[in-house]
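Residue numbers (the working numbering): 40 to 295.
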């Protein structure tokens, strides 16, 4: 019979994973973590492992530790579900006010070919380009770059882009419901410009979310590239194992 020996570093990593999940779930409502001894008892770990785990979380920027005061959550992490098409303000209802600094909002007469191809537009077509710095409770959260088909995007230029989600505005101004989106999530590091906008260090961890949103008939109308602070954000989904066809509604069913 083989025996697995867990090193102290491995145990610290495992404890950090558990505490990080508690942080994400908002387990420490008052912003303070229990002391090392209490954490060790609740997690079934040694105090040394807990101490090293907290050091890992401190290095990630999730907590701060001060002798005589304790361990405090630096900033909560907010969850965004990947199993429903929703805007950021809609998803974060109850966590604080989402506002947008509109950095770009214009019609580009001849959009880049990569954009027209992605939106299914003829080469050389115009498209609407938006870029917004999004804040939650006044603190920077993400930089969102959006390209829209011209008939969908032009009405948004007269709308309240500073306080409304793009998805809500599309449905309101077009009278059409959005259908589905294809999403790819990348782990990247912050370039100097993005770091400056988000108030983080160069090279800090980001989620880069590539999203293409379609109308119920499958037409692509909105392609986005979102750079989101990984220290303030988590991505969540509920996944079901089973027959694919029976678990996913058709576009027609989804609009009823």
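Heads up, the beta-carbon is just placed ideally off N, CA and C, and yes, glycines get one too.
- Put simply, the stretch 164-179 does not touch the stretch 209-223. Fewer than three CB pairs are less than 8 Å apart.
- Shortest Cα-Cα distance from residue 273 to any of 143, 226 and 230 involves 226.
- When 218, 159 and 149 are compared, the shortest CA-CA separation from residue 165 is found for 149.
- Among the bridge pairs identified by DSSP, residue 147 is matched with 166.
- In chain order, 215, 217, 218 and 260 place their CB closer than 7 Å to the CB of residue 254, counting only its own chain and leaving out the 5 sequence neighbours on each side.
- Between residue 265 and residue 183 the beta-carbon gap is near 5 Å, inside 8 Å, which marks them as a contact.
- Residue 85 has its alpha-carbon roughly 6 Å from the corresponding atom of residue 79.
- Rounded to whole angstroms, the Cβ separation of residue 141 and residue 201 is 6 Å, and the two are in contact under 8 Å.
- Distance from the CA of residue 96 to the CA of residue 158, rounded to the nearest whole angstrom, comes to 41 Å.
- In the three-state reduction of the DSSP assignment, residue 61 falls in the helix class.
- Within the same chain, Cβ atoms closer than 7 Å to the Cβ of residue 208 are found at 195 and 198, the five residues on either side in sequence being excluded.
- DSSP, read as helix, strand or coil, puts residue 220 in strand.
- Counting along the chain, the unbroken beta strand (DSSP E) around residue 259 starts and ends at 259-268.
- Residue 181 carries a strand assignment under DSSP once its states are collapsed to helix, strand and coil.
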